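Residue numbers (the working numbering): 1 to 333. Every residue gets a Cβ at the ideal spot worked out from N, C-alpha and C, and that includes glycine. Here the structure is a predicted model, which means the values were calculated and not measured. Working notes, beginning with the structure itself.
Next up, the structure:
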């Protein structure tokens with residue numbers, strides 16, 4: 001009988017020992033490739049239920065090594081995870097969208113153990129633009145503190161050995177940037193556990209250029225009515241951080257780290273309702289901390305394209321699609 005990852009108390013559980021509604025489909029990634037927009041659009045379909053917590057992260061064991069600032073309702077046990085879908089009606093498909101499941105080395109097996117009939121949706125993006133957006137996102141979400149993309153990439157060997165890891169990061173393995181673009185290896189993990197007809201691989205450029213067509217394709221894959229009008233939207237835009245020091249200070253205050261931040265947070269909590277505190281923090285970040293990203297360094301982007309050209313060739317062969325032309329790698333040597 002299939003074994004799942006151990007519960008926090010140390011006891012393992014089996015697939016048949018836990019009652020609850022299993023998700024019918026998973027959007028497994030990639031991050032910064034339109035998965036939030038896809039999630040927001042799909043959940044407007046009357047035959048689809050997706051929980052408010054877009055990314056439960058439950059099946060990626062690498063994301064549980066340190067304790068992050070977990071959103072309210074983040075599942076710690078399989079029972080808690082399955083409870084995310086208990087409000088779905090009988091005629092709805094259920095799904096979730098944890099964008100790091102594709103990167104994870106454990107998620108494919110863990111998902112298959114719980115729901116072998118699941119449908120898997122992956123969205124892949126050109127490597128250099130993906131890593132640039134991912135780096136900016138990691139800075140924004142306190143996973144990364146090195147603001148220079150080139151230097152962050154150069155730290156990978158040291159970080160693989162446990163050095164140069166930001167003190168408060170909660171996803172240290174995610175800082176190994178090259179691991180996010182092992183596309184063929186990632187897809188093979190899912191193809192090893194799920195039948196080909198259970199897996200849909202999308203290209204980010206297609207989604208960006210034709211939202212409506214891509215949504216219809218996904219709905220057909222899920223065997224749902226693709227004629228219903230779905231509101232098209234863009235979500236989770238890439239932003240840069242104006243001041244890393246101010247960004248870290250706001251984070252320290254929000255989580256109550258250090259004696260000064262404890263005192264400040266305590267004072268704010270005493271005089272401000274929780275909902276307003278969160279609104280004020282988000283508003284401050286948007287006005288003061290975040291900005292539109294600066295143009296990427298051309299030399300860094302060229303080096304990334306050279307580094308990952310082989311992966312683009314391999315992925316094109318794997319998917320039987322000319323990604324060299326689509327992603328502009330024909331002249332990259």
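Nearest-angstrom beta carbon gap, residue 28 and residue 81 [assumed within contact, 8 Å]: Not really, about 15 Å apart at Cβ, beyond 8 Å.
Can you tell me whether residue 211 is buried or exposed, with buried defined as 16 or more other CB within 10 angstroms of its CB? Result: buried.
Contact defined as beta carbons within less than 8 Å: I believe residue 183 pairs with residue 34. What is the distance between those atoms, to the nearest angstrom? Rounded, the Cβ-Cβ distance is 16 Å, inconsistent with contact.
Beta-carbon gap between residue 115 and residue 22 smaller than 7 Å: Result yes, Cβ atoms of residue 115 and residue 22 sit closer than 7 Å.
For residue 129, does the count of other Cβ atoms within 10 angstroms reach 16, so buried, or fall short, so exposed? buried
Identify every run of the alpha helix (DSSP H) within the stretch 131-165, keeping only runs that are complete inside it and at least 4 residues long; order them along the chain. 149-154 and 156-160
Classification of residue 32 by the beta-carbon crowding that lies within 10 angstroms, buried from 16 upward: buried
What are the boundary residues of the alpha helix (DSSP H) that residue 310 is part of? 309-319
Which residues does DSSP pair with residue 94 in a beta bridge? 49
What distance in whole Å lies between the Cβ atoms of residue 94 and residue 61, which are believed to be in contact at a cut-off of 8 Å? Taking a contact as a CB-CB distance under 8 Å, the pair residue 61 and residue 94 does not count as one, their CB atoms being some 22 Å apart.
Residue 323: buried (16+ other C-beta within 10 angstroms of its C-beta) or exposed? Buried: at least 16 other Cβ atoms inside 10 Å.
Check residue 20 in the structure and name its three-state DSSP category. coil
What number of angstroms, rounded off, separates the C-alpha of residue 119 from the C-alpha of residue 193? Looking at the two C-alpha atoms, the distance is approximately 11 Å.
Name, in chain order, the residues that DSSP records as bridge partners for residue 26. Its beta-bridge partners are 96 and 120.
Determine the direct distance from the alpha carbon of residue 195 to that of residue 367, and round the result to whole angstroms. Shown here, the chain extends from 1 to 333; a query on residue 367 therefore has no answer.
Kindly identify the DSSP beta-bridge partner or partners of residue 215. Looking at the DSSP assignment, residue 215 forms no beta bridge with any residue, so it has no partner.
Can you give the Cα-Cα distance for residue 335 and residue 229, rounded to whole angstroms? Since the first residue of the chain shown is 1 and the last is 333, residue 335 is not available in this structure.
In the structure shown, what three-state DSSP assignment does residue 38 receive? Shown here, residue 38 sits in a helix according to DSSP, grouped into three states.
Under a Cβ-count criterion, where at least 16 other Cβ atoms within 10 Å of its own Cβ denotes burial, should residue 253 be classed as buried or exposed? Below a pLDDT of 50, predicted positions are generally treated as unreliable, and residue 253, at 45, falls in that range; the measurement from the model is reported next regardless. Classification of residue 253: buried, given that the 10 Å Cβ count is 16 or more.
State the Cα-Cα distance for the pair residue 225 and residue 231, rounded to the nearest angstrom. Residue 225 and residue 231 have their C-alpha atoms spaced approximately 15 Å apart.
In the DSSP output, which residue or residues are listed as bridge partners for residue 334? Residue coverage of the chain in this structure runs from 1 to 333, which leaves residue 334 outside it and unanswerable.
Residue 78 in three-state terms, based on DSSP: When DSSP states are grouped into helix, strand and coil, residue 78 belongs to the helix group.
Return the chain-ordered list of same chain residues with a C-beta closer than 6 Å to the C-beta of residue 301, the five sequence neighbours on each side being excluded. 128
Could you tell me if residue 316 is buried or exposed, where buried requires 16 or more neighbouring beta carbons within 10 angstroms of its beta carbon? By the neighbour-count definition (other C-beta atoms within 10 Å, threshold 16), residue 316 is a buried residue.
To which residues does DSSP link residue 201 through a beta bridge? 122
Ignore the nearest five residues each way along the sequence and tell me which others in residue 206's own chain have a CB closer than 8 Å to its CB. 213 and 214
Alpha-carbon spacing of residue 320 relative to residue 63, whole angstroms: 32 Å
By the three-class DSSP mapping on this structure, what secondary structure does residue 173 have? Residue 173 sits in a helix when the DSSP states are folded into three classes.
Residue 221 and residue 200 - do their beta-carbons sit closer together than 7 Å? yes
Please state if the CB of residue 104 and the CB of residue 55 are separated by a distance shorter than 7 Å. Contact: no.
For residue 111, name the three-state secondary structure that DSSP assigns. helix
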